[in-house]
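Per UniProt numbering, the sequence shown starts with residue 1, numbered consecutively.
Structure record follows, encoded as structure tokens.
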Amino acid sequence: MPMELPVDLTPELVPLSWLLGSWEGYGMLGEGEDGDQHIFQRATFTDTGLPVVEYRAETWLADPDGTVIRPLSVENGFWQLHRPLTEADGGPGLIPGDVVPALRNADAVEELRNEADGFDLQVSISHPRGVSELYLGHIKGPQITLATDYVLRGEHSREYASATRIFGLVGGDLLWRWDVSTGEGLKAHASAALKRLPERKGRHHGGDVVPPLEGTDTPATEPQADEQDQGPAAS
């Protein structure tokens, strides 16, 4: 079925468009059984105007009643369709690509649809303490499956051999599960159910939204440090 393109969205991001926005909610480490640690997470998927979705997820430890205890980790990355490069693509570094996207319309994107009636996906994610993952996978509608193609670890990083992740939109919530192997097979690492946050009016900049000036659609200056989000309030 032909895809309908959202206004102003780079065509090849359409398969990922249902992820765009901010999400937050609770989950658990491990299998999510009694005694496993609770977590709170806020994840953001941002359209930067490039043929990639920028991703950031901040996670905190939480009590069973939902009280946030302390920061746990943060990860950043980029999600994109896995396809061959063309002359229109930029890089490496700051070498610019063509002003016209490599995939100009829905028909060009449809040509990438695979035999499973979805699209091949590439996701790169970086973590603190010198760990980076390159995932390859598949997106079909509101369902995503990923498996590491490569894991880069720094000299002082803990053992980390491979991982898989699954994401799905269920009843309007973003559900995910992350399995990790430290060399002895994949084991449940964490899972969560996130709810979409209301969209804040303004332009995105560095993960924050610069609000418009009162009574106008013109963005104001950057918010000061004490005005920016400081994470969830611990109740």
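Glycine residues also receive a C-beta, built at the ideal position from the N, C-alpha and C atoms.
Owing to the predicted nature of the structure, the values given are computational and were not obtained by experimental measurement.
Contacts around residue i, its chain only, beta-carbon distance under 6 Å, and the 5 residues preceding and following it disregarded
| i | result |
| --- | --- |
| L174 | W23 and L194 |
| E58 | R42 and V74 |
| R83 | L112 |
| T86 | A102 |
| T148 | E133, Y135, S162 and A163 |
| P157 | According to the sequence shown, residue 157 is Ser rather than Pro. Same-chain partners within the cutoff: R129, G130 and V131. |
Beta-carbon proximity check, residue i vs residue j, cutoff 8 Å
| i | j | result |
| --- | --- | --- |
| L152 | R165 | no |
| E155 | T182 | no |
| L106 | G97 | First, the amino acid is wrong: residue 106 is Ala here, not Leu. Cβ distance not < 8 Å, so A106 and G97 don't count as in contact. |
Best match in the options for proximity to residue i [C-alpha to C-alpha]
| i | options | result |
| --- | --- | --- |
| L103 | L197, E58 and L13 | L13 |
| L136 | P128, D63, P11 and F119 | F119 |
| D34 | R129, D63 and P15 | D63 |
| G66 | I39, I139 and L186 | I39 |
| P128 | P71, P11 and A188 | P71 |
| V109 | P51, I95 and L94 | P51 |
| G49 | D8, L94, D89 and E87 | D8 |
| V68 | G25, P92 and G90 | G25 |
Own chain, CB closer than 7 Å to residue i, minus 5 neighbours either side, in chain order
| i | result |
| --- | --- |
| W18 | P142 and L169 |
Cutoff 8 Å; reference residue i; Cβ partners in own chain excluding five residues on either side
| i | result |
| --- | --- |
| D36 | M28, L29 and G30 |
| G21 | T44, F45, R196, L197 and E199 |
| L186 | S162, A163, T164, D179 and V180 |
| K140 | A116, D117, G118 and F119 |
| G32 | A188 and S191 |
| I144 | L121, G137, H138, R165, I166, F167 and G168 |
| N114 | D120 and H138 |
Residue i, buried or exposed, once every other Cβ within 10 Å from all chains shown has been counted against 16
| i | result |
| --- | --- |
| E133 | buried |
| T10 | buried |
| P101 | buried |
| V99 | exposed |
| L94 | exposed |
The segment 121-140 in contact with the segment 63-83 per 3-pair CB rule at 8 Å: The count of Cβ pairs closer than 8 Å, one atom from the segment 121-140 and one from the segment 63-83, reaches three, so the stretches are in contact.
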